[in-house]
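**Student:**
Number of protein chains: 2
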Amino acid sequence: MYRDPVESLEPLHRVPAATRTLRVGMIGIGTVGRGTFRVLARNQADIAARAGRAIELVIVAARNLARAADIVGPGVPLTDDAMHVATHPDVDVLVEVAGGTGAARDWVLAAIAHGKHVVTANKALLAVHGTEIFAAAREKGVVVAYEGAVAVSIPIIKALREGLAANRIEWVAGIINGTTNFILSKMRDEGLDFAAALAQAQALGYAEADPSFDIEGIDAAHKLSLLAANAFGMPLRFDDAQVEGITALQGVDVACAEQLGYRIKLLGVARRQAAGVELRVQPALVPADHLMAHVNGSMNAVMVKSDAAGLTMYYGAGAGSEQTASAVIADLVDVARLDGVAAAQHVPHLGVHAHATNALAVLPRAAVVTAHYLRVPVAAVSHIQAVSACLAEQRVPVRQVALAAEKPGVGPQVLVLTGPVAQGTLDLAVHALQAQADVVGPVVSLRVEALEG
Amino acid sequence: MYRDPVESLEPLHRVPAATRTLRVGMIGIGTVGRGTFRVLARNQADIAARAGRAIELVIVAARNLARAADIVGPGVPLTDDAMHVATHPDVDVLVEVAGGTGAARDWVLAAIAHGKHVVTANKALLAVHGTEIFAAAREKGVVVAYEGAVAVSIPIIKALREGLAANRIEWVAGIINGTTNFILSKMRDEGLDFAAALAQAQALGYAEADPSFDIEGIDAAHKLSLLAANAFGMPLRFDDAQVEGITALQGVDVACAEQLGYRIKLLGVARRQAAGVELRVQPALVPADHLMAHVNGSMNAVMVKSDAAGLTMYYGAGAGSEQTASAVIADLVDVARLDGVAAAQHVPHLGVHAHATNALAVLPRAAVVTAHYLRVPVAAVSHIQAVSACLAEQRVPVRQVALAAEKPGVGPQVLVLTGPVAQGTLDLAVHALQAQADVVGPVVSLRVEALEG
Numbered sequence: 522m523y524r525d526p527v528e529s530l531e532p533l534h535r536v537p538a539a540t541r542t543l544r545v546g547m548i549g550i551g552t553v554g555r556g557t558f559r560v561l562a563r564n565q566a567d568i569a570a571r572a573g574r575a576i577e578l579v580i581v582a583a584r585n586l587a588r589a590a591d592i593v594g595p596g597v598p599l600t601d602d603a604m605h606v607a608t609h610p611d612v613d614v615l616v617e618v619a620g621g622t623g624a625a626r627d628w629v630l631a632a633i634a635h636g637k638h639v640v641t642a643n644k645a646l647l648a649v650h651g652t653e654i655f656a657a658a659r660e661k662g663v664v665v666a667y668e669g670a671v672a673v674s675i676p677i678i679k680a681l682r683e684g685l686a687a688n689r690i691e692w693v694a695g696i697i698n699g700t701t702n703f704i705l706s707k708m709r710d711e712g713l714d715f716a717a718a719l720a721q722a723q724a725l726g727y728a729e730a731d732p733s734f735d736i737e738g739i740d741a742a743h744k745l746s747l748l749a750a751n752a753f754g755m756p757l758r759f760d761d762a763q764v765e766g767i768t769a770l771q772g773v774d775v776a777c778a779e780q781l782g783y784r785i786k787l788l789g790v791a792r793r794q795a796a797g798v799e800l801r802v803q804p805a806l807v808p809a810d811h812l813m814a815h816v817n818g819s820m821n822a823v824m825v826k827s828d829a830a831g832l833t834m835y836y837g838a839g840a841g842s843e844q845t846a847s848a849v850i851a852d853l854v855d856v857a858r859l860d861g862v863a864a865a866q867h868v869p870h871l872g873v874h875a876h877a878t879n880a881l882a883v884l885p886r887a888a889v890v891t892a893h894y895l896r897v898p899v900a901a902v903s904h905i906q907a908v909s910a911c912l913a914e915q916r917v918p919v920r921q922v923a924l925a926a927e928k929p930g931v932g933p934q935v936l937v938l939t940g941p942v943a944q945g946t947l948d949l950a951v952h953a954l955q956a957q958a959d960v961v962g963p964v965v966s967l968r969v970e971a972l973e974g
Numbered sequence: 522m523y524r525d526p527v528e529s530l531e532p533l534h535r536v537p538a539a540t541r542t543l544r545v546g547m548i549g550i551g552t553v554g555r556g557t558f559r560v561l562a563r564n565q566a567d568i569a570a571r572a573g574r575a576i577e578l579v580i581v582a583a584r585n586l587a588r589a590a591d592i593v594g595p596g597v598p599l600t601d602d603a604m605h606v607a608t609h610p611d612v613d614v615l616v617e618v619a620g621g622t623g624a625a626r627d628w629v630l631a632a633i634a635h636g637k638h639v640v641t642a643n644k645a646l647l648a649v650h651g652t653e654i655f656a657a658a659r660e661k662g663v664v665v666a667y668e669g670a671v672a673v674s675i676p677i678i679k680a681l682r683e684g685l686a687a688n689r690i691e692w693v694a695g696i697i698n699g700t701t702n703f704i705l706s707k708m709r710d711e712g713l714d715f716a717a718a719l720a721q722a723q724a725l726g727y728a729e730a731d732p733s734f735d736i737e738g739i740d741a742a743h744k745l746s747l748l749a750a751n752a753f754g755m756p757l758r759f760d761d762a763q764v765e766g767i768t769a770l771q772g773v774d775v776a777c778a779e780q781l782g783y784r785i786k787l788l789g790v791a792r793r794q795a796a797g798v799e800l801r802v803q804p805a806l807v808p809a810d811h812l813m814a815h816v817n818g819s820m821n822a823v824m825v826k827s828d829a830a831g832l833t834m835y836y837g838a839g840a841g842s843e844q845t846a847s848a849v850i851a852d853l854v855d856v857a858r859l860d861g862v863a864a865a866q867h868v869p870h871l872g873v874h875a876h877a878t879n880a881l882a883v884l885p886r887a888a889v890v891t892a893h894y895l896r897v898p899v900a901a902v903s904h905i906q907a908v909s910a911c912l913a914e915q916r917v918p919v920r921q922v923a924l925a926a927e928k929p930g931v932g933p934q935v936l937v938l939t940g941p942v943a944q945g946t947l948d949l950a951v952h953a954l955q956a957q958a959d960v961v962g963p964v965v966s967l968r969v970e971a972l973e974g
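Heads up: the protein sequence lines correspond to chains A and B, in order. Just so you know, we're using the working numbering here: the first sequence kicks off at 522 and counts up by one. Just so you know, we're using the working numbering here: the second sequence kicks off at 522 and counts up by one.
Following this line, the structure appears as structure tokens:
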């Protein structure tokens, strides 16, 4: 792109447009890569009309070249050397959709070192190595875009970094793992226990053979660390997140929550407090009439509370081939528009420019204050009073005490909804309850999230 | 901003950043202007950290200077000459939040002619004069940004133009008028009729003294024309939209819809068909278990169906001082990032670059195919068969026929849910039903929207 040196001092619109094709090299042609190839090909003209220039896949790296050739046809050169794509002189932007955190880190850093922009949907890579990767990108003046890394079909990173740029964000709460939301929906709708619901999810392709990243909350925590960074302008803090999955969740608690007017969702919550930031993934009760309670199946949603806009919510598919491609290509369109933009004017990788990053502390678990649900298995319904007395003694504010509806094979259960109480205080109370002779099984506690303005 | 002529041929990140303050002139200091002033002042540091440069209000035009001085204090120069602000040499970007379509058009065109960017939340202005305004802006290489014009707190224009840029959008359906959604929620929750619900909305400040723009669907149609243009890359077609408000809606239909498992919402729908685009605002039945049915009170939501991302939804406040300011300032942050960007690389005003605009025809009302709800007041419940027979004869596919639950003072009512049928066919069937001797009152028909993938 040639710029007349005199014109470059003139009003900005006189600068000639960058109209040459944006050349994309892609590593990985699995689920996401295939979707990206297909959507780019199918919507080629529309995408160019939006981007102002064509976006073309010029080389693809794949482990299985025969399978890759079946997908991309004869038009796109293939290689099994990913580093060749990452460093290829004809590539303007690297799309990394191979996954993993080892080789992927090397490819991404190599592409950056060669002055290429990077688009990735790899949340694990960024949650673990994001600080290093973004620093390298800043150094070279290139962009690492990752809309596809969180709640794929939903442009939530863009909403946080750009759409809500005027706001001081107070909290973000998301249903950001489709597998666990599918399992929780099955548990509720069909009265299944966790193991049966997981088996269904696996049979239907909503859960992987090894589902531990999903069901233990790791995947949600990866995404939450990206959301929190963009919401609060803080560094990535995946290692400090409190992470609890749904493997220990029992069907009886899903039913008891329902009885009290709640549904259980695996929520990632990042909330700004005076003393730091809450950063936590856990199954929590959400009011049944709340919009977030109606996010079912494998769908995702993120709710944001900010000072000017108030409550906003963003809903869509959280996984899928073309759903993720939608985000990857949106990032490519953004990159296509970057020509002529000074790096200091790019949308910053984590929402705010580096000099303004907030080194917010992550609050320890014990200091997190929320309402709680307790289920206390008791020897007899009359022991409801002993439960209340114990909670009063432990200074846990109580909002509601009820007996669980009778179920075959399940003994009497005292249900409690508390007011806001620090986790540390609640843990002590649960310990005290557990020590009562009347209490005949493990006391279950879950957080209750009002998700209100 | 100085650029070294040699460096301007180098990699883009070497170009020095535009770091000087973005100077804003604002016309209007009513509800939205006040919110914009307050949020800009309160979140000054955070906004600069996101934008990469400070954003400063340098002059404000107001009709009532004393009241304006009370709001902005001594720090901001005031004038009662709006054109002075629109053409002021120290203003980089004009924020027009005075409203109206007469003088506002003159101010905006003058600002553009003086090479200034414009940010406005004025949907009426853009729906009516947008084609002229955007053409003038394109000619001068400036941007007219208007996120605040549609569903204020929700970054839906950004989602359509950027977040979903990879997609071919199939339809957009929105609850995009808070006043009517508040009224409909009251009608349902409290069993009120329209007039009583409107009176409550007025008493609580959710409806204006003259509510006609809202309750007759005009405001929603203004916004829908902007949504459709951005979704489909078509010109603004406000004049061609089919617009029906909620003034004729009866409480009995809200109750009957509920009985059938639906809620009534005022929907703006833009749907791409082979023969053209549906562009219509009307009260419609939405399944009660659908997320859109749970958008209550004065909240707004927009659902988008696109080929790659699938169904996504965006939810938030549809009005309010700081809620609108959130969008106005987000637009200012975008403008702050435009320095150094060739005009051809700006996000286009209506989603696609001008050369690619689709001159899509708006489908006539008679050709719009949806399912329908019918309520037929009959002399006796036995006449249910005559209703079915008439619809069969008129070739209207019938999915469900039921009798309305009895209500005091309301005679027997036959309720019908049809399959998909062209409005023209349905109108003839309604005419035929109305002519039956058994039919003792006006037949009511409303569209049913599944809002599914």
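The beta carbon of each residue, even a glycine, is placed where N, CA and C say it ideally should be. Here the structure is a predicted model, which means the values were calculated and not measured.
Less than 9 Å separating the beta-carbons of residue 674 of chain B and residue 833 of chain A?
**Tutor:** As a working mapping, residue 674 of chain B is identified with position 153 in the second sequence. As a working mapping, residue 833 of chain A is identified with position 312 in the first sequence. Yes, Cβ-Cβ distance for residue 674 of chain B and residue 833 of chain A is below 9 Å.
**Student:** Consult DSSP for residue 606 of chain A and reduce its assignment to one of helix, strand or coil.
**Tutor:** The count along the first sequence starts at 1 and reaches residue 606 of chain A at position 85. In this structure, residue 606 of chain A counts as helix in the three-state DSSP scheme.
**Student:** Under a three-way DSSP split, which group does residue 573 of chain B fall into?
**Tutor:** On the second sequence, residue 573 of chain B is found 52 positions in, with the first residue counted as 1. Looking at residue 573 of chain B - three-state DSSP - the assignment turns out to be coil, as it is neither helix nor strand.
**Student:** Given a threshold of 16 other Cβ atoms within 10 Å of its Cβ, counted over all protein chains shown, does residue 784 of chain B qualify as buried or as exposed?
**Tutor:** The residue labelled residue 784 of chain B in the question sits at position 263 within the second sequence. Buried is the call here.
**Student:** For the beta strand (DSSP E) containing residue 969 of chain A, list its first residue and its last residue.
**Tutor:** Working through the first sequence from its first residue, we reach residue 969 of chain A at position 448. Looking at the DSSP string, the run of the beta strand (DSSP E) that includes residue 969 of chain A is 965 to 969.
**Student:** Is residue 570 of chain B close to chain A? Criterion is C-beta to C-beta, closer than 9 Å.
**Tutor:** Position 49 of the second sequence, counted from the first residue, corresponds to residue 570 of chain B. So, interface residue.
**Student:** Can you check the stretch 727 to 758 of chain A for any alpha helix (DSSP H) of at least 4 residues that lies completely inside it and give the ranges in chain order?
**Tutor:** Fully enclosed alpha helix (DSSP H) runs of 4 or longer: 733 to 736, 739 to 753.
**Student:** Let me know the secondary structure DSSP gives residue 826 of chain A once reduced to three states.
**Tutor:** The residue you call residue 826 of chain A lines up with position 305 of the first sequence. Of the three classes helix, strand and coil, the one that applies to residue 826 of chain A here is strand, per DSSP.
**Student:** Apart from the five residues just before and just after residue 534 of chain B, which ones in its own chain have a Cβ nearer than 8 Å to its Cβ?
**Tutor:** Position 13 of the second sequence, counted from the start, is the residue given in the question as residue 534 of chain B. The pLDDT assigned to residue 534 of chain B is 34, lower than 50, so where the model puts this residue is not dependable; a value taken from the coordinates is nonetheless given after this. Cβ neighbours of residue 534 of chain B beyond the five flanking positions: none.
**Student:** Would you call residue 573 of chain B buried or exposed, if buried means 16 or more other Cβ atoms sit within 10 Å of its Cβ?
**Tutor:** Reading the second sequence from its first residue, position 52 is the one you call residue 573 of chain B. Residue 573 of chain B is buried by the Cβ-count criterion.
**Student:** Just list the residues that DSSP pairs residue 692 of chain A with in beta bridges.
**Tutor:** Taking the first residue of the first sequence as position 1, residue 692 of chain A is located at position 171. BP columns for residue 692 of chain A point to A:792, A:826.
**Student:** Roughly how many whole angstroms lie between the Cα atoms of residue 756 of chain A and residue 705 of chain B?
**Tutor:** One-based indexing of the first sequence puts residue 756 of chain A at position 235. One-based indexing of the second sequence puts residue 705 of chain B at position 184. The alpha-carbon atoms of residue 756 of chain A and residue 705 of chain B are separated by roughly 44 Å.
**Student:** Look at the alpha carbon of residue 547 of chain B and the alpha carbon of residue 636 of chain B, and state the distance between them as a whole number of angstroms.
**Tutor:** Position 26 of the second sequence, counted from the first residue, corresponds to residue 547 of chain B. Position 115 of the second sequence, counted from the first residue, corresponds to residue 636 of chain B. One C-alpha to the other measures close to 16 Å.
**Student:** Determine the DSSP secondary structure at residue 632 of chain A, reduced to helix, strand or coil.
**Tutor:** Position 111 of the first sequence, counting from 1, holds the residue named residue 632 of chain A. The answer is helix: DSSP assigns residue 632 of chain A an H, G or I state.
**Student:** To the nearest angstrom, how far is it from the Cα of residue 759 of chain A to the Cα of residue 746 of chain A?
**Tutor:** Numbered from 1 along the first sequence, position 238 holds the residue referred to as residue 759 of chain A. Numbered from 1 along the first sequence, position 225 holds the residue referred to as residue 746 of chain A. In a straight line, the C-alpha of residue 759 of chain A is about 5 Å away from that of residue 746 of chain A.
**Student:** Taking all protein chains shown into account, decide if residue 973 of chain A is buried (16 or more other Cβ within 10 angstroms of its Cβ) or exposed.
**Tutor:** Position 452 of the first sequence, counted from the first residue, corresponds to residue 973 of chain A. Exposed, because fewer than 16 other Cβ atoms sit within 10 Å of the Cβ of residue 973 of chain A.
**Student:** Taking beta-carbon pairs under 8 Å, can you tell me which members of the stretch 682 to 708 of chain A lie near chain B?
**Tutor:** Flagged, chain order: 682, 683, 684, 685, 686, 687, 688, 689.
**Student:** With a threshold of 9 Å between beta carbons, is residue 843 of chain B in contact with chain A?
**Tutor:** Position 322 of the second sequence holds residue 843 of chain B. Answer yes: the Cβ-Cβ gap between residue 843 of chain B and chain A drops below 9 Å somewhere.
**Student:** When the Cα of residue 710 of chain A is compared with those of A:650, A:645, A:779, which residue comes out closest?
**Tutor:** Counted from its first residue, the first sequence places residue 710 of chain A at position 189. The option with the nearest alpha carbon to residue 710 of chain A is A:779.
**Student:** Which runs of the alpha helix (DSSP H) fall wholly inside the stretch 818 to 870 of chain A and span at least 4 residues, in chain order?
**Tutor:** You should have 842 to 857.
**Student:** So residue 940 of chain B and residue 888 of chain B are supposed to be a Cβ contact under 8 Å. How far apart are they, rounded?
**Tutor:** Position 419 of the second sequence, counted from the start, is the residue given in the question as residue 940 of chain B. Position 367 of the second sequence, counted from the start, is the residue given in the question as residue 888 of chain B. Wrong, their Cβ atoms sit about 17 Å apart, outside the cutoff.
**Student:** For residue 544 of chain B, which beta-bridge partners are listed by DSSP?
**Tutor:** For this step, residue 544 of chain B is matched to residue 23 along the second sequence. Paired residues: B:577.
**Student:** Do residue 895 of chain A and residue 966 of chain A count as a contact pair if the criterion is CB distance below 9 Å?
**Tutor:** Within the first sequence, residue 966 of chain A is the residue found at index 445, counting from 1. Within the first sequence, residue 895 of chain A is the residue found at index 374, counting from 1. For residue 966 of chain A and residue 895 of chain A, yes; Cβs fall inside 9 Å.
**Student:** Could you please give the first and the last residue of the uninterrupted beta strand (DSSP E) stretch that includes residue 939 of chain B?
**Tutor:** Here residue 939 of chain B refers to the residue found at position 418 of the second sequence. Per DSSP, residue 939 of chain B belongs to the beta strand (DSSP E) from 934 to 939.
**Student:** Give a yes or no on contact between the stretch 556 to 564 of chain B and the stretch 817 to 834 of chain A, applying the rule of three or more CB pairs nearer than 8 Å.
**Tutor:** Touching, yes.
**Student:** Quick one: is residue 928 of chain B buried, meaning 16 or more other Cβ sit within 10 Å of its Cβ, or exposed?
**Tutor:** As a working note, residue 928 of chain B is residue 407 in the second sequence. Label assigned to residue 928 of chain B: exposed.
**Student:** DSSP state of residue 815 of chain A, grouped into three classes?
**Tutor:** Numbered from its first residue, the first sequence carries residue 815 of chain A at position 294. Three-state DSSP puts residue 815 of chain A in a helix.
**Student:** Do you know how far the Cα of residue 769 of chain B is from the Cα of residue 739 of chain A?
**Tutor:** For this step, residue 739 of chain A is matched to residue 218 along the first sequence. For this step, residue 769 of chain B is matched to residue 248 along the second sequence. Rounded to the nearest angstrom, the two C-alpha atoms are 53 Å apart.
**Student:** For residue 902 of chain A, which residues in the same chain have their Cβ closer than 6 Å to its Cβ, ignoring the five residues on either side in sequence?
**Tutor:** The residue labelled residue 902 of chain A in the question sits at position 381 within the first sequence. Counting only Cβ-Cβ distances below 6 Å, and skipping sequence neighbours, we find 924, 933.
**Student:** For chain A, is any of its Cβ atoms less than 9 Å away from the one on residue 828 of chain B?
**Tutor:** Residue mapping note: residue 828 of chain B aligns to position 307 of the second sequence, counting from 1. Taking Cβ atoms only, chain A reaches closer than 9 Å to residue 828 of chain B, which makes this a yes.
**Student:** When the cut-off is 9 Å and only beta carbons count, does residue 962 of chain B lie next to chain A?
**Tutor:** To locate residue 962 of chain B, count along the second sequence from 1; it is residue 441. By this cut-off, residue 962 of chain B is not an interface position.
**Student:** Going by other Cβ atoms of all chains shown within 10 Å of its Cβ, with 16 needed for buried, is residue 741 of chain B buried or exposed?
**Tutor:** On the second sequence, residue 741 of chain B is found 220 positions in, with the first residue counted as 1. When all chains shown are included, residue 741 of chain B counts as buried.
**Student:** Where does the unbroken beta strand (DSSP E) through residue 797 of chain B begin, and where does it stop?
**Tutor:** Along the second sequence, read from residue 1 onward, the residue named residue 797 of chain B stands at position 276. Where residue 797 of chain B is concerned, the enclosing beta strand (DSSP E) stretches over 797 to 808.
**Student:** Closer than 8 Å by C-beta to residue 702 of chain B: which residues in its own chain qualify, once you throw out the five before and the five after it? Chain order, please.
**Tutor:** The residue labelled residue 702 of chain B in the question sits at position 181 within the second sequence. For residue 702 of chain B, where only same-chain residues beyond five positions count, the Cβ hits under 8 Å are 696, 786, 787, 816, 817, 818, 819, 820, 821, 839.
**Student:** Roughly how many angstroms lie between the CA atoms of residue 963 of chain A and residue 920 of chain B, to the nearest whole one?
**Tutor:** As a position in the first sequence, residue 963 of chain A is number 442, starting the count at 1. As a position in the second sequence, residue 920 of chain B is number 399, starting the count at 1. Using only the alpha carbons, I get a separation of about 51 Å.
**Student:** Can the beta-carbon of residue 767 of chain B be found less than 9 Å from the beta-carbon of residue 686 of chain A?
**Tutor:** Here the question's residue 767 of chain B lines up with position 246 in the second sequence. Here the question's residue 686 of chain A lines up with position 165 in the first sequence. Contact: no.
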